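Counting in UniProt numbering, the sequence shown runs from 1 upward without gaps.
Everything below concerns the one structure shown next.
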Amino acid sequence: MKNKEKWSGVFPAVLIPFKDDYSIDEPEFRKLVRWVASHEGVNGIVVNGHTGEIMTLLPEERAEAVRIAADELQGRIPVISGVSAEGSIEAIQHSQAVEQAGGEGILLMPPHSWLRFGMQPDSPVEFFKDVAESVNIGIVVHQYPTWTKPSYTTSQLLEMAKIPNVVSFKIGQRDMAQYEVDVRALKEHAPDVSLLTCHDEYLLPTLVQGIDGALVGFGCFVPDLIAELVKQVKNQNLAEANKVYDRIYELKQAIYKMDEPSSTSHLRMKEAMYQRGLISSSLARRPVLPLTEEEKQEISDGLKKVGLSVEV
């Protein structure tokens, strides 16, 4: 099942458009998936990520998001779905639902209870084994920041890499020293898995360490720029990569404000995509509240600064 080339490149984590009643807007979602996937260098789509507001979606809605995306793409590129669950039984149910809906992979997140209470040393690898044995699709390991309790150790990552259907790692240590340690260890001892940076807020510095691609929410917003950046880095053309990154940097300032992505940041990206005319509404599910007019203007100014048209 491991196929490094298949799981390399740009994997945008797409947002989810809602109607006024907070239900999934299927026509808008199809249009968005189609648009993101049309860009050269985009090798897969991730639904039900944090960008896609997984925490507010009901189980049947998560499966529906996979079904819609898979039906729209018809196997041209893989559809990966985030899986967030508090225990192995629930994670298995979600993962099997992804497979049944046409997904080719899951992005398996750590149980959120681990954020509060921590975890037993052997639990993470056993958690992945439990889920892996229940499905016949690829698994992407979601590595959390080093300072959080569910951040996996280097040895845990290497054990996960031995699981047959673990195909990739979304590496988000947000600690550059530990990031380098883990990247070097995985490249040496698990060369058949792909390594995807998820550091939207400092994408270029994490790409230059020989990473295979990027799994980022920002790829939903500017898939062309992210794909071009990855291409130039892979070609070892740092001068051109910096030119592309200069544009991405200005957009990061407008949307993320130099912070790592958060629920508010995802809302700001939704607003930016609405202003660009890429989706028909920036509505997010409560308890996330609408942006202020001042915040919306900041985003508009940021888009104009880099030459992106604002249609609303």
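Even glycine gets a Cβ: it sits at the ideal position worked out from N, Cα and C.
Predicted, not measured: the structure shown is a model, and the values here were computed from it.
Closest by C-alpha distance to A132, out of S151, T197, M160, is M160. Per the DSSP secondary-structure output, L108 pairs in a beta bridge with V83, V141. Look at G302 here: in three-state DSSP terms it is helix.
Taking C-beta atoms under 8 Å as the contact rule, A239 and V233 fail to qualify, at a distance of about 11 Å.
Of the candidates H266, L229, G307, S155, the residue whose Cα lies closest to the Cα of G9 is L229. Within the segment 141-202, the alpha helix (DSSP H) runs of at least 4 residues that lie entirely inside it are, in chain order, 154-161, 176-189. For the 8 Å CB-CB criterion, I45 and V33 form a contact.
8 Å or more divides the Cβ of A185 from the Cβ of T146.
With fewer than 16 other Cβ atoms from the protein chains shown falling within 10 Å of its own Cβ, R285 counts as exposed. Here I226 is not bridged, per DSSP, to any residue. A straight-line Cα-Cα distance of about 8 Å links A85 and H112. A check of alpha carbon separations from L251 across V208, A214, I299 identifies I299 as the nearest. Within the model, the alpha-carbon separation for K187 versus L203 is close to 19 Å. As DSSP reads the structure, A13 sits in a beta bridge with V46.
C-alpha of D246 to C-alpha of G105: approximately 32 Å in a straight line. Per DSSP, R30 is one residue of the alpha helix (DSSP H) stretching across 26-37. Inter-segment contact for the segment 187-200 and the segment 23-42 is absent: fewer than three beta-carbon pairs are separated by less than 8 Å. When the Cα atoms are used, R67 and P124 turn out to be separated by approximately 28 Å. Residue pairing from DSSP leaves G75 without any beta-bridge partner.
In the DSSP assignment, Q236 falls outside any alpha helix (DSSP H) and carries neither an H nor an E. Per the C-alpha coordinates, the member of P121, A63, L157, M119 positioned closest to S95 is A63. Residue range 88-100 is occupied by the alpha helix (DSSP H) that includes A97.
In this structure, DSSP gives A63 a helical state, which the three-state scheme calls helix. By DSSP's assignment, F18 forms a beta bridge with I24. Judged by DSSP secondary structure, L58 falls outside any alpha helix (DSSP H); it is assigned neither H nor E. Shown here for A254: same chain residues with a beta carbon closer than 6 Å to its own, the five before and five after excluded, namely I299, G302 in chain order.
Look at G213 here: in three-state DSSP terms it is strand.
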